[in-house]
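Shown next, in structure tokens, is the structure this report addresses.
Protein chains: 2
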Amino acid sequence: MSELNERTEKILRAIIQSYIDLNVPIGSYMVTRRFSFGLSPATIRNIMAALEELGYITQPYTSAGRVPTERGYKHYVDTLLKEYSLSMNKAIIHELFNRLHGIEIDLQRLINETSKTLSFFSSYLGIVTPPRAEDRTLKHIRVIKYTSNKALSILIFGDDTVKNRLIDLERVYTQRELDKITNYLNISFGGVSLSEVKDRVAYQLSRESIICDRLIAKSLMVCKELISMENEDILMEGLTGASNLPDFADINEIKDILKAIEDKHLMLKLLAQVDSSEGVQVFVGLENIIPSMKKLSMVVSTYTDGMDAHGTIGIIGPTRMNYKELIPIVDRTAKTLTKVLSESQ
Amino acid sequence: MSELNERTEKILRAIIQSYIDLNVPIGSYMVTRRFSFGLSPATIRNIMAALEELGYITQPYTSAGRVPTERGYKHYVDTLLKEYSLSMNKAIIHELFNRLHGIEIDLQRLINETSKTLSFFSSYLGIVTPPRAEDRTLKHIRVIKYTSNKALSILIFGDDTVKNRLIDLERVYTQRELDKITNYLNISFGGVSLSEVKDRVAYQLSRESIICDRLIAKSLMVCKELISMENEDILMEGLTGASNLPDFADINEIKDILKAIEDKHLMLKLLAQVDSSEGVQVFVGLENIIPSMKKLSMVVSTYTDGMDAHGTIGIIGPTRMNYKELIPIVDRTAKTLTKVLSESQ
DNA sequence: TATTGGCACTCTTCACAGTAGAGTGCTATG
DNA sequence: CATAGCACTCTACTGTGAAGAGTGCCAATA
Chain D
1 MSELNERTEK
11 ILRAIIQSYI
21 DLNVPIGSYM
31 VTRRFSFGLS
41 PATIRNIMAA
51 LEELGYITQP
61 YTSAGRVPTE
71 RGYKHYVDTL
81 LKEYSLSMNK
91 AIIHELFNRL
101 HGIEIDLQRL
111 INETSKTLSF
121 FSSYLGIVTP
131 PRAEDRTLKH
141 IRVIKYTSNK
151 ALSILIFGDD
161 TVKNRLIDLE
171 RVYTQRELDK
181 ITNYLNISFG
191 GVSLSEVKDR
201 VAYQLSRESI
211 ICDRLIAKSL
221 MVCKELISME
231 NEDILMEGLT
241 GASNLPDFAD
251 INEIKDILKA
261 IEDKHLMLKL
271 LAQVDSSEGV
281 QVFVGLENII
291 PSMKKLSMVV
301 STYTDGMDAH
311 GTIGIIGPTR
321 MNYKELIPIV
331 DRTAKTLTKV
341 LSESQ
Chain Z
1001 MSELNERTEK
1011 ILRAIIQSYI
1021 DLNVPIGSYM
1031 VTRRFSFGLS
1041 PATIRNIMAA
1051 LEELGYITQP
1061 YTSAGRVPTE
1071 RGYKHYVDTL
1081 LKEYSLSMNK
1091 AIIHELFNRL
1101 HGIEIDLQRL
1111 INETSKTLSF
1121 FSSYLGIVTP
1131 PRAEDRTLKH
1141 IRVIKYTSNK
1151 ALSILIFGDD
1161 TVKNRLIDLE
1171 RVYTQRELDK
1181 ITNYLNISFG
1191 GVSLSEVKDR
1201 VAYQLSRESI
1211 ICDRLIAKSL
1221 MVCKELISME
1231 NEDILMEGLT
1241 GASNLPDFAD
1251 INEIKDILKA
1261 IEDKHLMLKL
1271 LAQVDSSEGV
1281 QVFVGLENII
1291 PSMKKLSMVV
1301 STYTDGMDAH
1311 GTIGIIGPTR
1321 MNYKELIPIV
1331 DRTAKTLTKV
1341 LSESQ
């Protein structure tokens, strides 16, 4: 509660919530009309002056209403997250579940649908990253002869998704040899997480001069190549209704978001900030990461695939988005996604 | 040349090109200043009145300059496509090639990069569809035992891309049986296009009661399932610089494009119009397909993957986009893509 | 001492009017 | 047939003034 007493706190929240609802500078009279604090506008005025002094709100110009500052939003969001008595409309919960249920089979589609759903409920940009490749475990590896100098390699992951690639061989191998490679790889790396595999391959390759077994060396090279293809960090977004919202009447906000979408690297940089152990996290004002995103905020949470890997979901919207409504939505979506994925195991 | 004589034609083109350049209603005086026709404004005025009569241009209000109508644009584009003396900046050709060269390996990335490139050069929405799955030929099929009731099926296509999926088996098969299935499928469908495979599977399944060979029936079922997964029509887009362009100062145009992106179905409906045998095609005013896209146009062309399959690339932008510049860009991009794909075979 | 009503003041927003300018159509003329 | 001239139209811009929302301060009050 820091430097604010309960009443001041309440009024700050009233101002911020009003501003979020109306998108208009909030004056003292406005506050008394919308909330029944049993206080006169004059009193509110005094408190507002104090809140301005403390940097929570500000006036766009002399004798205008007050608008929350970044600090104000941060404080507001903090109290929201602390209380966490955020309730949700039953209908929304239901709709949410329905949207994600029944497409467990295809992770890609599920991720896609999730981003659309987030976007649909928020009217802003929905972002979803797939479960981090590095966390996924390898279940089974197979290398099959294809042509004389090409082999088809297949990775099956813990969640039964499959990745594969044709790899070039520098000499002719028999299927028998390939089976030996396969065998070795499965024994070494079956059930191991990709990041672990990476480390082990690097270590073993460094020792390889001692072992001197050509086939095993080759196996490791194959493995290295296979894993390297897992680095791509796909990232889905949706901007479904963003264009409808009056919020975005200011064209520059749309431009800012579009600019963000353009550059996946920026996005990843943004998501790198997310702590996977916590629940919902809110980042108000993204300018410390991307200068042009000064007036944008991000609400994120993490989910797991029911195994070991976790991914990130969230939304990006204007700083003055409706946190009260959106925090539970992101929270719920993350939980629903985790549930759906766990069940499909 | 229809109802217009050469001089009138020239002036119509001057007006449209000026409007595209300046985005401002074009008056008679303006035309004489920007082009040296050796005619006075008064003469131009008479011709303009005639052009308005014919429906090629219109006045936003009494005594304003003229603006092209949809009909005007169509006529303009037709003459552009007929002449086809459209030249391109060497630097752009070079840049274009560089962007697409060297990533032949990964079709997905190539498509992605192409859409970004189109978007980059046009500042509008770039669209690229992958080579039509139905046109692709099947090179090799394999079914591998995975667990007692699951098998891993692998399709290798003519272009060496690989698709796979885990399929459920209703009883336990030995690898020997699966090999037999594999064998049968390869003999039947190796080198055949997917659409052809589809037909044949349907036909053979209808005759299957006669053959009565359980394994073959199962093979066909497997094949059917495998192919059905090929139906997804992925579609990449980019909107890289669109937000920078002054054209889009009108927020509604951005909204229209965003709305289009939202709905892949609409997009596919749009692209269904494209004739794969022709070169560059231009669709002015997309309202007959999607009402909200009245003020948008599409410039498209097709490419092939060096084998039998062809895909579509193009851009969608405001009706008053710079066709003169963008038609060659789309044309060139399609050709570059075809070239890059053919070389990587 | 905290709260409140009253009051003068500030700043934006909106409507309205007036003007400059670009462009037109028409007509008379070379 | 092309053109110069002219009266006319409509927009875009500018400035002004009034309405309104809101403030800060001060004195009165519980």
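Listed in order, the protein sequences are those of chains D and Z.
Its first residue numbered 1, the first sequence is counted upward by one per residue in this note's numbering.
Its first residue numbered 1001, the second sequence is counted upward by one per residue in this note's numbering.
Yeah, the Cβ is synthetic: ideal placement off N, Cα and C, and Gly gets one too.
(1) Measuring only the C-alpha atoms, how far is Z:K1090 from Z:N1098?
(2) Do you know how far the Cα of D:F37 is from the Cα of D:S87?
(3) Please confirm whether Z:H1265 has its beta-carbon closer than 9 Å to some beta-carbon of chain D.
(4) Can you pull the chain Z residues whose beta carbon is under 9 Å from the beta carbon of D:D331, in chain order?
(5) When the Cα of Z:E1134 is compared with those of Z:Y1323, Z:K1324 and Z:D1305, which residue comes out closest?
(6) With a 10 Å radius around its C-beta and 16 neighbouring C-beta atoms as the bar for buried, classify Z:S1153 as buried or exposed.
(7) Does the CB of Z:R1142 have a neighbour CB from chain D at under 9 Å?
(8) Show which residues of chain D have a CB atom less than 7 Å away from the CB atom of Z:L1166.
(9) With 16 as the cutoff for other CB atoms within 10 Å, does Z:G1102 come out buried or exposed?
(10) Excluding the 5 residues preceding and the 5 following Z:S1122 in the sequence, name in chain order all residues of the same chain whose CB lies nearer than 7 Å to its CB.
(11) What residues match up with Z:A1151 in a beta bridge as DSSP calls it?
(12) Run through DSSP, which three-state label would D:T69 get?
(13) Pairing CB atoms from the segment 1059 to 1077 of chain Z with CB atoms from the segment 1267 to 1278 of chain Z, are three or more of them under 8 Å?
(14) Give me the chain Z residues within the contact set of D:L220, using Cβ-Cβ distance strictly less than 8 Å, ordered along the chain.
(15) So Z:L1178 contacts chain D; which residues on that side make the cut at Cβ distance below 9 Å?
(16) Mind checking if D:I156 is an interface residue toward chain Z, Cβ cutoff 9 Å exclusive?
(17) What are the residues that DSSP puts in a beta bridge with D:P318?
(18) DSSP on D:S195, reduced to helix/strand/coil?
(19) Can you tell me the Cα-Cα spacing of D:V128 and D:I313, whole angstroms?
(20) Are Z:Y1323 and Z:V1274 touching if we call contact CB-CB under 9 Å?
(21) Work out the CA separation of Z:T1319 and Z:P1068 for me, nearest whole Å.
(22) I want to know whether the segment 1192 to 1204 of chain Z touches the segment 193 to 203 of chain D - three or more CB-CB distances under 8 Å.
(23) Kindly list, in the order they appear in chain D, the residues whose Cβ is closer than 9 Å to that of Z:L1268.
(24) List, in order along the chain, the chain D residues whose C-beta lies closer than 7 Å to that of Z:L1286?
(25) Starting from Z:I1127 and walking both ways along the beta strand (DSSP E), at which residues does that stretch end?
(26) Using a 10 Å radius around the Cβ and a threshold of 16 neighbouring Cβ atoms, would you call Z:E1170 buried or exposed?
(27) Would you kindly check if the distance between the Cβ of D:V172 and the Cβ of D:L138 is under 9 Å?
(28) May I ask you to report which of helix, strand or coil DSSP gives D:F157?
(29) Kindly identify the DSSP beta-bridge partner or partners of Z:Y1303.
(30) Would you say D:S18 reaches chain Z, if we count a Cβ-Cβ gap shorter than 9 Å as a contact?
(31) Quick check on the DSSP output: the alpha helix (DSSP H) that includes D:Q108 runs from which residue to which?
(32) Determine the direct distance from the alpha carbon of D:L118 to that of D:V280, and round the result to whole angstroms.
(33) For a quick check, are the C-beta atoms of D:S292 and D:A334 less than 9 Å apart?
(34) State buried or exposed for Z:G1072, treating a residue as buried only when at least 16 other CB atoms are found within 10 Å of its CB.
(35) Among residues of its own chain, excluding the 5 on either side of D:S342, which ones have a beta-carbon nearer than 7 Å to its beta-carbon?
(36) Per DSSP, Z:I1290 is paired with what?
From the atom records:
(1) 12 Å
(2) 23 Å
(3) no
(4) Simply none; closest approach about 25 Å.
(5) Z:D1305
(6) buried
(7) yes
(8) D160 and V162
(9) exposed
(10) I1315, G1317, L1326 and I1329
(11) Z:K1145 and Z:I1167
(12) coil
(13) no
(14) Within chain Z, no residue comes near D:L220; the closest Cβ sits about 22 Å away, beyond 8 Å.
(15) Those do not exist, as Z:L1178 stays about 13 Å from chain D at its closest Cβ, beyond 9 Å.
(16) yes
(17) D:L296
(18) helix
(19) 4 Å
(20) no
(21) 10 Å
(22) no
(23) None at all; the shortest Cβ gap to chain D is about 16 Å.
(24) By Cβ distance, chain D contributes nothing, its closest Cβ being about 17 Å from Z:L1286, past 7 Å.
(25) L1125 to V1128
(26) exposed
(27) no
(28) strand
(29) Z:G1311
(30) no
(31) L107 to S122
(32) 14 Å
(33) no
(34) buried
(35) G306
(36) In the DSSP output, where bridge partners are listed per residue, Z:I1290 has none listed.
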